[in-house]
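Structure, as structure tokens:
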Amino acid sequence: MKALCWNGTDDLRVERVPDPVLVNPHDVIVKVALSSVCGSDLHLIDGYVPTMRPGDIIGHEFLGEIVEKGPEVRYLNRGDRVITVSIIGCGHCGHCQHGESSLCDNSNPNPDYARTAYGHCGAGIFGYSHAFGGYAGSHADYIRVPYADFNAFRVPEGVSDEKAVFVSDAVPTGYMAADMAGIKPGDMVAVWGCGGVGQMAIRSAYLLGAERVIGIDRFPDRLRAAQMKVGAETLDYSRVDVFDALQAMTGGRGPDVCIDAVGMEADSASNAVEDLYDRAKQAVGLQTDRPAVLRQMIESCRKGGTLSIVGVYGGVIDKFPMGAAMNKGLTFRMGQQNGQRYAGRLFEHIRNGDLDPSYLMTHRLPLDDGPQAYRMFKEKADDCMRVVFAPQG
Amino acid sequence: MASNSLTGDGRWPRPDTFGSGLSRIGDRLGSGEVATGGRWLAMMGGTALGVMGLRRSGWGGAMLALGGAGLFAVGALGLGSFGGRPLRTAPNPGSWRSHGLASRRRSLTPERKQAVVTIASEPGTVFRFWRNFANLPKLMPQLERVDVLSATESRWIAKAVSGGEGPSWRCVLDRVDEDRLLTWHTVGETALPHRASLMLSPAPGDRGTEVRLTLVYRVPAGEVAALLGVTPEGQAEEALRRLKQRVETGELSTIERQPRGDGSGTFREATE
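Here the protein sequences come in this chain order: A and B.
Using numbering that gives the first Met the number 0, the letters of the first sequence correspond one by one to residues 0 to 392.
Using numbering that gives the first Met the number 0, the letters of the second sequence correspond one by one to residues 0 to 271.
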């Protein structure tokens with residue numbers, strides 16, 4: 000089959016690889032119909048995730064049809080149209096049983112990397128380095144899905160592929176960001192990053208009762224989409240001082256909830272010195288992640304407010320303003336998405352018309368265009384929000 | 000080991016003193032914390048002397064500063080009678096065995112490793128899985144098979160690491176405390192004399208069962224690794240990780256046999 004493989008920093012190649020096979024009794028094989036790029040893939044392509052190996056197939060947000068199933072798969076059948084949550088749970092450990100499947104004890108077959116770096120290991124993730132299990136990703140004709148009954152969800156009738164595919168990752172990540180922040184009616188929410196996850200966080204914040212949601216980015220097309228598609232007020236951080244603007248918009252209180260949908264490659268276009276400092280420290284290995292968004296959220300958030308972090312961080316950061324966070328009494332919530340907990344609810348929102356993520360798909364391309372598509376996505380050229388590959392054409 | 004697990008070193012306590020304060024205190028004294036205290040004293044004294052010296056002028060001041068620096072170095076580097084390892088090494092029960100005087104005790108001290116994990120299941124389920132020793136090759140991939148010879152005896156055959164026959168040994172059960180404790184030890188001639196225990200206790204708050212596996216080898220870890228292809232620590236961790244997965248999910252997560260590129264396919268096309 001064809002697959003898009005990582006071969007080094009900025010080196011993606013479309014290659015011919017063997018088809019996947021059923022290995023464990025709870026596996027299914029999915030014929031991939033749609034597979035989306037994700038902002039977190041850029042961390043792999045830019046070389047910030049150290050446990051990638053040449054030949055690894057990337058991609059983790061996908062929809063397709065089950066073509067084979069293992070003998071212990073009980074609830075799914077061949078021919079089912081399914082999405083699969085990008086972060087793999089076993090469905091049985093204590094974390095999976097309590098709706099924290101991204102913390103699954105069992106799905107990562109290579110726990111030593113994460114144990115060494117983090118003390119404990121989290122779940123396996125499709126196509127996201129060997130620290131997260133080394134599972135082959137979805138930018139391919141076929142993919143093996145372990146613990147399928149727990150991780151794959153039938154797409155309800157009436158929900159199109161273009162809407163459903165994002166329930167694999169972007170929608171539950173954004174929804175979880177809003178959900179774990181404990182948004183209450185009347186709350187003002189600020190969302191850093193208006194890519195796919197940020198857009199979904201904005202919509203989810205409204206669904207959970209937010210009064211006003213402010214989207215922060217610097218790309219005009221993304222700010223426009225945040226405004227037009229999900230009803231956010233917007234701030235261009237390259238043009239305004241974000242702290243001043245947020246205080247002005249919230250009566251001097253600051254947002255009740257601040258959501259980070261950016262992660263480790265944040266830039267500080269509004270503060271050239273800070274940006275240079277972070278990039279220099281990252282380049283020489285004195286920090287692995289750039290925390291510009293975290294610093295801005297801590298400064299801007301109202302006293303006693305909540306920071307909700309779903310942008311991906313991998314290692315260590317420098318100059319983290321813990322004093323401000325502590326003395327302002329901030330609450331931090333964070334984590335990889337627990338999509339298995341939300342998939343059913345999100346499909347209901349889509350069926351009801353409360354949520355339509357299909358506009359995230361600005362480009363639909365064949366897998367052969369993978370390397371160029373990622374370059375376009377990285378450079379945010381041609382108003383690219385998300386490229387979705389269609390391996391079957 | 001999967002999440003919520005840890006390993007520890009130290010002496011082998013009797014089952015009834017497992018985890019007791021006394022046994023931990025014994026480990027800590029043995030680990031050199033007392034010596035470490037002396038080294039901190041040397042460093043602090045050295046710093047004080049150095050400051051005094053720098054405040055004085057002339058040769059007297061210089062000598063004091065030099066003396067202070069020397070005393071600090073003695074403490075920081077663990078020279079002289081203050082201990083055998085740099086302070087940057089965290090106190091770690093057991094690690095003293097590989098340094099200085101302590102290494103001479105090595106052959107007399109059993110190599111004890113313990114791994115612990117919490118399994119979302121009843122103690123009885125976990126106990127029954129392990130109690131059938133024929134299941135153990137599923138948990139310890141270095142084993143070829145385990146033949147159960149009687150209610151208390153079994154023969155364990157390991158895979159060969161480098162050609163020929165793998166090591167084997169006979170084991171006898173010592174204690175079988177249903178759903179709580181299982182201990183066994185090797186009998187007769189073997190290159191890998193050891194004893195072991197599996198302890199089960201209910202985890203608080205309905206979290207399942209805490210499982211502790213302790214392996215005590217009478218030979219150094221290096222010899223175990225040479226014969227089994229895995230250190231005692233690795234063996235204990237891997238066994239519990241697999242036990243947890245087997246009991247909780249009925250399978251072992253794996254990426255074996257999955258596709259990957261070789262960088263030379265027909266569809267090769269670099270981004271740059």
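All residues carry an ideal CB built from backbone N, CA and C; glycine is no exception.
Identify the contact partners of residue i in chain A, using a Cβ-Cβ distance below 8 Å as the criterion.
i      : result
B:P258 : M0, A2, V16, P17, D18, P19, I56, A135, A139
B:R240 : P110
B:E209 : Under the 8 Å cutoff, chain A gives no residues; its nearest Cβ is about 12 Å from B:E209.
B:G262 : C4, N6, R12, E14, P53, G54
From the options, pick the residue whose C-alpha is nearest to that of residue i; which is it?
i      : options                        : result
A:Q286 : A:V292, A:D277, A:M375, A:G54  : A:D277
B:W129 : B:E177, B:T189, B:K158         : B:E177
B:L172 : B:K158, B:S161, B:A190, B:S196 : B:S196
B:L148 : B:L242, B:W168, B:V160         : B:W168
A:G392 : A:G54, A:D382, A:P365, A:L75   : A:P365
A:R217 : A:V81, A:N150, A:D266          : A:D266
B:V186 : B:G163, B:A202, B:R217, B:D205 : B:R217
A:R15  : A:F149, A:R332, A:Y141         : A:Y141
A:V196 : A:E210, A:D168, A:V212         : A:D168
A:Y358 : A:P290, A:A372, A:C383, A:Y117 : A:C383
A:S100 : A:V72, A:E67, A:N109, A:N150   : A:N150
A:C257 : A:R294, A:L3, A:G118           : A:R294
A:R289 : A:G314, A:L306, A:T305         : A:G314
A:N105 : A:C120, A:N351, A:T115         : A:C120
A:I44  : A:V188, A:K280, A:G369         : A:G369
A:G46  : A:M333, A:E264, A:G338         : A:E264
A:K1   : A:T8, A:P19, A:D10, A:D9       : A:P19
A:G173 : A:N6, A:S307, A:Q246, A:G352   : A:S307
B:E110 : B:R194, B:W183, B:A119, B:V116 : B:R194
Which chain B residues are close to residue i, counting only those with a beta carbon under 9 Å from its beta carbon?
i      : result
A:Q96  : A119
A:G78  : Per Cβ cutoff of 9 Å: no residues; A:G78 is ~23 Å from chain B at best.
A:C383 : Correct list: empty, because the minimum Cβ distance to chain B is about 15 Å.
Can you tell me whether DSSP reads residue i as helix, strand or coil?
i      : result
A:T8   : coil
A:L21  : coil
A:D79  : coil
B:P201 : strand
B:T248 : helix
A:I65  : strand
A:D55  : strand
A:E378 : helix
A:R164 : It is worth fixing the name first, because residue 164 of chain A is Val in this sequence and not Arg. DSSP places A:V164 in helix when its eight states are reduced to three.
A:I86  : strand
B:D146 : strand
B:T88  : Confidence at B:T88 is low in this model, with a pLDDT of 31, below 50, so the placement of that residue should be treated as unreliable; the coordinate-derived value is given next. Coil, per DSSP.
B:T124 : helix
B:G82  : Annotation note: pLDDT 35 at B:G82 (below 50); position unreliable, no value reported.
A:R344 : helix
A:V13  : strand
A:K1   : strand
A:M187 : strand
Can you pull the chain A neighbours of residue i, defined as C-beta to C-beta under 9 Å?
i      : result
B:K243 : C92, D104, N105
B:G272 : Lying before the first or after the last residue shown, residue 272 of chain B is absent from chain B, which here runs from 0 to 271.
B:R206 : G93
Quick one: list the residues of chain B neighbouring residue i, beta-carbon separation under 7 Å, in chain order.
i      : result
A:E108 : Looking at the sequence itself, residue 108 of chain A is Pro, so the reference to Glu does not match. Correct list: S252, T253, I254.
A:V22  : T253, E255, R256
A:H25  : E250
A:R143 : Q257
A:G132 : I254
Please determine whether the Cβ atom of residue i lies at a distance below 7 Å from any heavy atom of the ligand COA.
i      : result
A:V311 : The ligand COA is not part of the structure shown, which contains no ligands of any sort.
Quick one: list the residues of chain A neighbouring residue i, beta-carbon separation under 7 Å, in chain order.
i      : result
B:E272 : This structure does not reach residue 272 of chain B, given that chain B is present from 0 up to 271, and the question cannot be answered.
Residues of chain B with CB closer than 8 Å to the CB of residue i, please, in chain order.
i      : result
A:R223 : Result: empty, since nearest Cβ-Cβ is about 28 Å, beyond 8 Å.
Is it true that the stretch 249–258 of chain B meets the stretch 15–30 of chain A, where meeting means three or more beta-carbon pairs spaced less than 8 Å apart? A contact is defined here as three or more CB-CB pairs under 8 Å, and the stretch 249–258 of chain B meets this definition with respect to the stretch 15–30 of chain A.
What are the complete beta strand (DSSP E) segments, minimum 3 residues, inside the stretch 213–263 of chain A? For the stretch 213–263 of chain A, the continuous beta strand (DSSP E) assignments of 3+ residues that do not extend past its boundaries occur at 232–235, 256–259, in sequence order.
Identify every run of the alpha helix (DSSP H) within the stretch 291–327 of chain A, keeping only runs that are complete inside it and at least 4 residues long; order them along the chain. Secondary structure in the stretch 291–327 of chain A: the alpha helix (DSSP H) runs of 4 residues or longer, each lying completely within the stretch, are 291–299, 321–326 in chain order.
Determine, using beta-carbon pairs with one atom in the stretch 218–238 of chain A and one in the stretch 153–164 of chain A, whether at least three such pairs fall under 8 Å. No, the stretch 218–238 of chain A is not in contact with the stretch 153–164 of chain A.
Could you pull out every unbroken beta strand (DSSP E) segment of at least 3 residues lying fully inside the stretch 156–235 of chain B, listed in chain order? Counting whole runs of 3 or more residues, the stretch 156–235 of chain B contains the beta strand (DSSP E) stretches 167–176, 180–186, 193–201, 208–216.
Contact between the stretch 254–264 of chain B and the stretch 217–232 of chain B: three or more CB pairs below 8 Å? Contact between the stretch 254–264 of chain B and the stretch 217–232 of chain B is absent, because fewer than three Cβ pairs lie under 8 Å.
What residue ranges within the stretch 112–149 of chain A form continuous beta strand (DSSP E) runs of no fewer than 3 residues, ordered along the chain? Taking only runs of at least 3 residues, the beta strand (DSSP E) segments lying wholly in the stretch 112–149 of chain A are 141–144.
Within 8 Å, do at least three Cβ pairs link the stretch 36–56 of chain A to the stretch 86–97 of chain A? Between the stretch 86–97 of chain A and the stretch 36–56 of chain A there are fewer than three C-beta pairs closer than 8 Å, too few to call the two in contact.
Any 3 or more C-beta pairs closer than 8 Å across the stretch 71–78 of chain A and the stretch 334–347 of chain A: Judged by Cβ distances under 8 Å, the stretch 71–78 of chain A makes no contact with the stretch 334–347 of chain A, as fewer than three pairs qualify.
Three or more C-beta pairs closer than 8 Å, one from the stretch 144–163 of chain B and one from the stretch 193–211 of chain B: is that the case here? No, they do not touch.
Should the stretch 43–60 of chain A be called in touch with the stretch 174–184 of chain A, which here means at least 3 C-beta pairs below 8 Å? Between the stretch 43–60 of chain A and the stretch 174–184 of chain A there are fewer than three inter-stretch CB-CB distances shorter than 8 Å, so the stretches are not counted as touching.
Is the number of C-beta pairs between the stretch 288–305 of chain A and the stretch 313–331 of chain A that are closer than 8 Å three or more? Short answer: they touch.
If contact is defined by three or more beta carbon pairs under 8 Å, each pair taking one atom from either stretch, is the stretch 230–250 of chain B in contact with the stretch 128–137 of chain A? Taking a cut-off of 8 Å for Cβ pairs, the stretch 128–137 of chain A and the stretch 230–250 of chain B do not touch, as fewer than three such pairs fall below it.
Would you be able to state if there are at least three C-beta pairs under 8 Å between the stretch 226–236 of chain B and the stretch 117–125 of chain B? Judged by Cβ distances under 8 Å, the stretch 117–125 of chain B makes no contact with the stretch 226–236 of chain B, as fewer than three pairs qualify.
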